[in-house]
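*Asks:*
2 protein chains.
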Amino acid sequence: MQKTISKHSVKSILAKIASNQQQRNFKLDLTEVKKPTHLLPDEYDGIKLVTPERPGPKTKELLERMNKIQDMRAAHFVANFEKSKGNFIVDADDNIILDTFTQISSIPLGYNHPYLIEQFHKDPRYATSFLNRPSLGINPPHNYIDILEESFVRIMPKGMTDVVTLSSGAEANENAYKVAFCRYMQIKRGGKSASKEEMDSCVLNQKPGTPNLSILSFKNSFHGRTLGALTATHSKAIHKVDFPSFNWPVCDFPQLKYPLEQYEAENKKEMDRVLEQVEKTIKLSHSPNSPWGEVAGLVVEPIQSEGGDKHAMPYFFRELRRITKENNVAFICDEVQTGGGATGKFWAHQYWDLGENGPDIVCFSKKLQAAGIFHRPEFKIDLPYRIFNTWLGDYTRALQLGAIIDVIERDHLLDLVNETGAYMMKHLTELSKRYPGKIDNVRGAGTFIAFESNKLPELMKQMLHRGVEVGSCGTNTIRLRPMLTFHQWHANIFLQNLNETLEKL
Amino acid sequence: MQKTISKHSVKSILAKIASNQQQRNFKLDLTEVKKPTHLLPDEYDGIKLVTPERPGPKTKELLERMNKIQDMRAAHFVANFEKSKGNFIVDADDNIILDTFTQISSIPLGYNHPYLIEQFHKDPRYATSFLNRPSLGINPPHNYIDILEESFVRIMPKGMTDVVTLSSGAEANENAYKVAFCRYMQIKRGGKSASKEEMDSCVLNQKPGTPNLSILSFKNSFHGRTLGALTATHSKAIHKVDFPSFNWPVCDFPQLKYPLEQYEAENKKEMDRVLEQVEKTIKLSHSPNSPWGEVAGLVVEPIQSEGGDKHAMPYFFRELRRITKENNVAFICDEVQTGGGATGKFWAHQYWDLGENGPDIVCFSKKLQAAGIFHRPEFKIDLPYRIFNTWLGDYTRALQLGAIIDVIERDHLLDLVNETGAYMMKHLTELSKRYPGKIDNVRGAGTFIAFESNKLPELMKQMLHRGVEVGSCGTNTIRLRPMLTFHQWHANIFLQNLNETLEKL
Chain E
166 MQKTISKHSV KSILAKIASN QQQRNFKLDL TEVKKPTHLL PDEYDGIKLV
216 TPERPGPKTK ELLERMNKIQ DMRAAHFVAN FEKSKGNFIV DADDNIILDT
266 FTQISSIPLG YNHPYLIEQF HKDPRYATSF LNRPSLGINP PHNYIDILEE
316 SFVRIMPKGM TDVVTLSSGA EANENAYKVA FCRYMQIKRG GKSASKEEMD
366 SCVLNQKPGT PNLSILSFKN SFHGRTLGAL TATHSKAIHK VDFPSFNWPV
416 CDFPQLKYPL EQYEAENKKE MDRVLEQVEK TIKLSHSPNS PWGEVAGLVV
466 EPIQSEGGDK HAMPYFFREL RRITKENNVA FICDEVQTGG GATGKFWAHQ
516 YWDLGENGPD IVCFSKKLQA AGIFHRPEFK IDLPYRIFNT WLGDYTRALQ
566 LGAIIDVIER DHLLDLVNET GAYMMKHLTE LSKRYPGKID NVRGAGTFIA
616 FESNKLPELM KQMLHRGVEV GSCGTNTIRL RPMLTFHQWH ANIFLQNLNE
666 TLEKL
Chain P
166 MQKTISKHSV KSILAKIASN QQQRNFKLDL TEVKKPTHLL PDEYDGIKLV
216 TPERPGPKTK ELLERMNKIQ DMRAAHFVAN FEKSKGNFIV DADDNIILDT
266 FTQISSIPLG YNHPYLIEQF HKDPRYATSF LNRPSLGINP PHNYIDILEE
316 SFVRIMPKGM TDVVTLSSGA EANENAYKVA FCRYMQIKRG GKSASKEEMD
366 SCVLNQKPGT PNLSILSFKN SFHGRTLGAL TATHSKAIHK VDFPSFNWPV
416 CDFPQLKYPL EQYEAENKKE MDRVLEQVEK TIKLSHSPNS PWGEVAGLVV
466 EPIQSEGGDK HAMPYFFREL RRITKENNVA FICDEVQTGG GATGKFWAHQ
516 YWDLGENGPD IVCFSKKLQA AGIFHRPEFK IDLPYRIFNT WLGDYTRALQ
566 LGAIIDVIER DHLLDLVNET GAYMMKHLTE LSKRYPGKID NVRGAGTFIA
616 FESNKLPELM KQMLHRGVEV GSCGTNTIRL RPMLTFHQWH ANIFLQNLNE
666 TLEKL
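Quick mapping for you: the protein sequence lines, in order, are chains E and P.
For the first sequence, our numbering puts the final residue at 670, and the numbers step up evenly by one.
For the second sequence, our numbering puts the final residue at 670, and the numbers step up evenly by one.
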């Protein structure tokens with residue numbers, strides 16, 4: 166039976182169609198650019214989808230087989246790294262996908278970067294170092310001084326003198342905390358090394374050799390998953406539940422409004438609130454009535470990443486530097502995710518303009534491919550073997566880091582990151598005005614950009630359906646972590662797909 | 166002025182000369198064998214020393230330069246890995262040295278092993294995997310199932326089904342403990358996953374989501390240097406002083422007499438004493454009056470390595486298996502140093518004859534070059550993302566492990582280890598009878614051999630002076646950790662130099 170349609174309904178339906186039409190016609194004012202073949206000569210011409218769904222059948226089958234031997238329940242696709250090129254990852258079903266998540270923010274230049282391939286095959290040190298992995302702290306290779314100078318020395322943050330090479334971001338954090346503990350106790354002992362009583366008691370975890378010290382961390386932070394680093398991590402319950410932790414204090418991280426400058430007064434008030442909390446917590450921890458271990462170090466991310474891409478202003482970090490210095494607390498800057506250029510500077514803490522008086526310890530991993538810490542000269546350890554392990558990382562990765570820095574410099578990739586980042590920010594801000602709720606609070610530095618969405622899971626699903634891999638963080642945030650070679654040309658592909666996805670959400 | 170020599174003195178001097186002569190004439194009854202070119206075609210013909218001292222001038226200069234950038238105070242020489250071959254390491258001054266310490270027990274087959282070099286250059290997966298390091302848990306490579314089958318599946322201990330790949334022995338331990346905690350809490354909740362209250366509370370390290378659990382460890386053990394693994398480590402004060410630890414219980418490790426079988430009754434009594442202590446400790450920890458966290462796992466090395474190469478008998482470990490099973494405690498076997506064949510079996514825990522009922526979790530790293538844990542099927546984690554990190558190790562190392570296993574099988578290296586080991590034990594025992602005090606308590610499995618010496622530092626110095634690198638452990642123990650390709654031919658070089666060194670000590 167046919168339904169009667171009132172005049173009013175007809176009008177309303179027509180209005181809806183018009184509005185939809187208008188929305189469908191909404192076009193971002195994108196700048197047409199040519200494919201950047203000077204950066205990545207053999208990259209694909211764009212997304213290409215060959216299976217109607219992702220994961221496709223081949224991917225599903227492989228995941229099922231692998232999962233019987235190693236847990237792959239978190240895997241959302243299977244990659245064909247032979248075929249992947251530059252900013253495009255190819256999956257096991259031959260779909261060509263634009264990758265803005267880059268192995269959780271850890272591929273610096275793009276898949277199969279030609280210069281890295283060339284170096285790997287041309288430089289015989291790759292094979293020698295890989296096949297003769299040394300215990301670096303007791304038998305360093307004769308050419309290690311060159312390798313240090315080609316890699317870590319070139320990127321050593323201002324004011325720092327020493328590198329400790331390690332295997333992962335978690336190991337970097339654990340060792341940063343240990344360096345902080347060493348320094349704190351040395352100051353407490355008036356510069357002396359541990360006493361006999363301390364040496365004897367520590368072996369069985371007894372006082373005074375095993376002191377009750379702590380690392381202050383912030384809510385929503387992520388620093389790694391080994392038990393020390395995990396104690397300082399507070400981003401997601403799934404990382405932490407059922408695992409014991411140390412009794413270390415946790416402070417709020419400022420909850421600021423974006424754009425930061427627009428709400429400067431409000432934001433300053435919030436930062437001051439937190440700074441007061443931090444200072445009080447440290448002072449209380451150093452008093453006889455401390456409810457926690459004495460704070461020997463404070464660890465902070467320049468941009469809280471896993472916890473939802475939360476930014477603070479340079480003022481906040483400059484004040485943290487002041488407070489930590491006044492209280493003999495090591496200022497540990499965890500640049501595992503922010504380091505390596507994606508924020509538009511090689512180190513995100515360079516935005517704080519602290520010059521020589523920057524952090525005491527900087528943790529790195531991910532995009533640098535080599536992991537470890539840098540520290541200031543006054544944090545040199547009194548005795549050898551205290552900050553040590555069998556391998557001390559993998560110096561083949563230091564070789565790779567040298568090659569990565571070559572490309573960053575040769576191709577002026579920090580400039581590119583800033584250009585592409587500004588372009589992305591402009592158009593994402595435009596989209597956030599067009600689709601409030603679906604995209605809010607756009608913020609970023611360089612291409613290290615994030616926004617919130619009240620349709621997060623669906624947005625991610627639809628983007629992957631269209632051939633764009635995006636990552637999330639916090640509870641409702643999209644984090645963009647493209648390669649350093651992500652160009653306006655790639656940004657256009659991303660933005661067009663995002664625009665069309667938002668329209669239909 | 167000439168001294169008068171009494172008749173008595175002359176006699177005594179003559180006796181001394183005769184005795185020295187006799188000592189100098191003491192010859193080990195070594196079996197002459199040809200250089201094993203079938204194992205290592207291009208190895209050196211022996212030790213060759215070109216500088217009068219080690220460290221030589223070039224080594225000293227390089228160490229000084231490196232030390233300005235990375236702490237090298239523990240380094241005793243600088244290696245030329247291009248020139249090193251098989252069991253011989255070449256230093257920066259071109260001295261050719263017989264290496265029985267092998268990068269703290271971590272080089273499996275020898276320097277620049279021809280098969281590993283061949284595979285590295287022939288198999289394109291090395292470059293692809295190295296240059297496109299994935300976040301393995303979310304984007305595994307399409308050929309990872311093959312790589313798993315070529316590597317971890319071939320060496321998976323009996324009764325185990327799953328591997329978790331990680332970056333180091335410390336990360337392996339940390340994750341073993343986490344797997345134990347997951348399982349313990351799941352049993353406590355009657356098989357259920359964490360409640361909302363647990364999830365909410367854990368983010369800020371609060372109960373009930375952050376339970377007070379512990380890992381039981383043994384005195385003198387070594388499990389790594391991150392703060393969780395370090396809490397379970399008790400071998401040396403220099404590893405531990407100034408670092409906070411968890412409140413976890415520590416038990417004695419049996420102090421047995423060698424040879425173990427000769428003192429079986431006494432040794433059993435000592436093992437029973439410790440087993441009773443372990444059982445009491447676990448039960449007390451599970452009671453309301455526990456002075457520690459509830460014991461969720463027990464971690465033990467099959468042979469305590471860093472702590473002084475302390476052995477226990479299979480009976481001890483079989484009983485630990487029984488006690489842990491009866492108390493829902495995970496039995497974690499740390500095979501970071503013992504795994505990979507040096508004990509004469511691929512896993513040292515195979516000596517315990519537990520068949521399918523072996524340990525719950527096995528940690529590996531070092532000689533396997535790839536690090537991680539294996540676990541039994543009942544230890545599968547209820548939800549994804551709980552045991553996880555960005556890289557989950559480095560699967561280029563899994564490729565290398567596959568090649569290492571190829572060589573172990575092709576060249577029957579476990580047989581070789583047992584032959585060389587038996588030969589070494591025979592002659593070292595002979596030396597210990599000849600030079601009591603200077604060499605005592607010879608013990609071992611395969612070539613994983615140790616002995617004590619009351620002249621330890623001088624012995625090591627003299628051996629290096631002669632061109633033999635040896636490692637130490639505990640307070641007065643030499644630990645031999647040669648490659649799996651260490652043959653009677655190499656053993657002869659080692660034994661001759663040891664004999665001559667002992668004579669002159």
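Ideal Cβ placement from N, Cα and C applies to all residues, glycine included.
Is the region 304-316 of chain P close to the region 508-522 of chain P, with three or more CB pairs under 8 Å?
*Replies:* No: the two stretches stay apart, fewer than three of their Cβ pairs being nearer than 8 Å.
*Asks:* Please confirm whether E:Val494 and E:Ile447 have their CB atoms less than 7 Å apart.
*Replies:* The answer is yes: Cβ separation under 7 Å.
*Asks:* Using DSSP with H/G/I as helix, E/B as strand and the rest coil, what is P:Thr330?
*Replies:* Strand at P:Thr330.
*Asks:* In terms of alpha-carbon separation, which member of P:Glu229, P:Leu193 and P:Asp259 lies closest to P:Leu214?
*Replies:* The residue with the shortest Cα to Cα distance from P:Leu214 is P:Asp259.
*Asks:* Is the separation between the beta-carbon of P:Thr398 and that of P:Trp413 shorter than 7 Å?
*Replies:* No, the pair does not count as a contact, with Cβ atoms beyond the cut-off.
*Asks:* Does any residue of chain P bring its CB to less than 7 Å from the CB of E:Gln268?
*Replies:* By this cut-off, E:Gln268 is an interface position.
*Asks:* Quick one: does P:Gln442 have its CB under 7 Å from some CB of chain E?
*Replies:* With 7 Å as the cut-off, P:Gln442 does not count as an interface residue toward chain E.
*Asks:* In whole angstroms, what separates the C-alpha of P:Ala603 from that of P:Leu670?
*Replies:* First, the amino acid is wrong: residue 603 of chain P is Lys here, not Ala. Distance between the alpha carbons of P:Lys603 and P:Leu670 is about 8 Å.
*Asks:* What does E:Lys531 reach in chain P if we use C-beta pairs closer than 9 Å?
*Replies:* Under the 9 Å cutoff, chain P gives Thr555 and Trp556.
*Asks:* Identify which residue in P:His278, P:Pro217 and P:Phe191 has its Cα closest to the Cα of P:Asp207.
*Replies:* Comparing Cα-Cα distances from P:Asp207 to each of P:His278, P:Pro217 and P:Phe191, the minimum goes to P:His278.
*Asks:* In whole angstroms, give me the CA-to-CA distance for P:Lys168 and P:Glu218.
*Replies:* With a pLDDT of 49 at P:Lys168, under the threshold of 50, the predicted position of this residue should be treated as unreliable, and no value is reported.
*Asks:* To the nearest angstrom, how far is it from the Cα of E:Val635 to the Cα of E:Met625?
*Replies:* So the two alpha carbons sit approximately 6 Å from each other.
*Asks:* Locate the beta strand (DSSP E) running through P:Cys204, then write down its first and last residues.
*Replies:* The amino acid at residue 204 of chain P is misidentified as Cys; the sequence shows Leu. Neither: P:Leu204 is in no beta strand (DSSP E) and is coded neither H nor E.
*Asks:* Who are the Cβ neighbours of E:Leu204 in its own chain at under 7 Å, not counting the five residues just before and after it?
*Replies:* Once the five neighbours on either side are set aside, the close Cβ partners of E:Leu204 are Asp576, Thr650 and His652.
*Asks:* So if DSSP puts E:Asn245 in a beta bridge, which residue, or which two residues, is it bridged to?
*Replies:* BP columns for E:Asn245 point to E:Val255.
*Asks:* Measure the C-alpha to C-alpha separation of E:Gly639 and E:His655 and round it to an integer number of angstroms.
*Replies:* Cα to Cα, the separation comes out at about 25 Å.
*Asks:* Run through DSSP, which three-state label would P:Pro222 get?
*Replies:* Here P:Pro222 sits in helix by DSSP.
*Asks:* Among the candidates E:His476, E:His388 and E:Gln268, whose CA atom is the shortest distance from the CA of E:Glu429?
*Replies:* That would be E:His476, whose Cα lies nearest to the Cα of E:Glu429.
*Asks:* Would you give the residue range spanned by the beta strand (DSSP E) that P:Ala461 belongs to?
*Replies:* Its beta strand (DSSP E) spans residues Glu459 to Val465.
*Asks:* Is the separation between the beta-carbon of E:Ala536 and that of E:Gly302 shorter than 7 Å?
*Replies:* Cβ distance not < 7 Å, so E:Ala536 and E:Gly302 don't count as in contact.
*Asks:* Are any of the Cβ atoms in chain P nearer than 7 Å to that of E:Arg646?
*Replies:* Taking Cβ atoms only, chain P never reaches closer than 7 Å to E:Arg646, which makes this a no.
*Asks:* Check the Cβ of E:Ile282 against every Cβ in chain A and list those closer than 8 Å, keeping chain order.
*Replies:* No chain A appears in this structure, whose protein chains are E and P.
*Asks:* Quick check: P:Phe242 and P:Thr224, are their CB atoms within less than 7 Å of each other?
*Replies:* Cβ atoms of P:Phe242 and P:Thr224: closer than 7 Å.
*Asks:* Using three-state DSSP, classify E:Arg541 as helix, strand or coil.
*Replies:* Coil at E:Arg541, not helix or strand.
*Asks:* Anything in chain E within Cβ reach of P:Ala341, meaning under 9 Å, just list it in chain order.
*Replies:* Per Cβ cutoff of 9 Å: no residues; P:Ala341 is ~11 Å from chain E at best.
*Asks:* Thinking just about the alpha-carbon of each residue, which of P:Gly458, P:Val406 and P:Gln427 is nearest to the one in P:Ser382?
*Replies:* Minimum Cα distance to P:Ser382 is reached at P:Gly458.
*Asks:* Name the DSSP bridge partner or partners of E:Val415?
*Replies:* BP columns for E:Val415 point to E:Ser382.
*Asks:* In whole angstroms, give me the CA-to-CA distance for P:Glu466 and P:Gly472.
*Replies:* Answer to the nearest angstrom: the Cα atoms are 10 Å apart.
*Asks:* Mind checking who E:Val633 pairs with in its DSSP beta bridge?
*Replies:* Its beta-bridge partners are E:Leu263.
*Asks:* Only counting the same chain, and skipping five residues up and downstream in sequence, which positions put a Cβ closer than 8 Å to that of E:Leu165?
*Replies:* In the structure displayed, chain E extends from 166 to 670; residue 165 of chain E sits before or after that span and is not available.
*Asks:* For E:Glu336, does the count of other Cβ atoms within 10 angstroms reach 16, so buried, or fall short, so exposed?
*Replies:* E:Glu336 is buried by the Cβ-count criterion.
*Asks:* Using a beta-carbon distance below 7 Å, is P:Ile261 in contact with chain E?
*Replies:* Output row for P:Ile261: interface = no.
*Asks:* Going along the chain, which unbroken runs of the alpha helix (DSSP H) with 4 or more residues stay wholly within the region 364-408 of chain E?
*Replies:* Whole alpha helix (DSSP H) segments, 4+ residues: 392-396 and 402-405.
*Asks:* Just to confirm my understanding: we take E:Ile269, look at its own chain, exclude 5 residues before and 5 after, and list those with CB closer than 8 Å. What are they?
*Replies:* Cβ within range, chain order: Lys531, Gly636 and Arg646.
*Asks:* The beta strand (DSSP E) with E:Phe616 in it runs from where to where?
*Replies:* Looking at the DSSP string, the run of the beta strand (DSSP E) that includes E:Phe616 is Phe613 to Glu617.
*Asks:* Measuring alpha carbon to alpha carbon, tell me which of P:Ile282, P:Arg298 and P:Pro289 ends up nearest E:Asn297.
*Replies:* Nearest option by C-alpha distance: P:Ile282.
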